[in-house]
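One structure is given here, and the rest of the page talks about it.
Shown next, in the form of structure tokens:
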């Protein structure tokens, strides 16, 4: 990655890893390591192939920097996904809560209307029961009246028979 592209990314407030000053410094360092290995009777190219190099080269540093930038981008994407997920969950919870409040309000209204209807039905039922009790008391008095009417009817029938007998001429 060039220094120009890392400068354009620097405006995104990403932490920047300092790059080595020059290739010469790294090369000198590698050459000094190589001379140490040669002095000990070892070939420096063999040690690099075996992974025994002590200091990373400039290209390895750039690869590490690229890997860190990729990890940083992935982390930012994951953070954005979590932010979006939590926003969606917050909205869903808000809607569910709002719906629940609406349902509770509707339930409260329905319960209030049911209570009024039950109270009205109980009042009308009590009136009906009281009317039936009064009618029952009045009907008890009607039995006595009915027996008196039977006696009166017999007397009227007897009177009618007597009047008819007198009115007939022999």
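Residue numbers (full-length UniProt numbering): 1 to 170.
Glycine is no exception: its CB is placed at the ideal position from the N, C-alpha and C atoms.
Next item on the list: Alpha carbon to alpha carbon, how far is residue 101 from residue 132? Give it in angstroms, no decimals.
Entry: 46 Å
Checklist line | Inter-residue Cα distance where the pair is residue 64 and residue 74 | finding: 15 Å
Note to self: By the three-class DSSP mapping on this structure, what secondary structure does residue 127 have?
What the structure shows: helix
Item checked: Assigned secondary structure, residue 94 (DSSP; H/G/I helix, E/B strand, else coil) -> helix
Check: Looking at the structure shown, is residue 108 part of a helix, part of a strand, or coil, going by DSSP?
Finding: helix
Check: Should residue 160 be listed as close to the ligand FAD, given that the test is whether its C-beta is under 7 Å from any heavy atom?
Finding: Absence of the ligand FAD is noted for the structure shown, with no ligands found whatsoever.
Note to self: Quick check: what's the CA-CA separation for residue 88 versus residue 62?
What the structure shows: 39 Å
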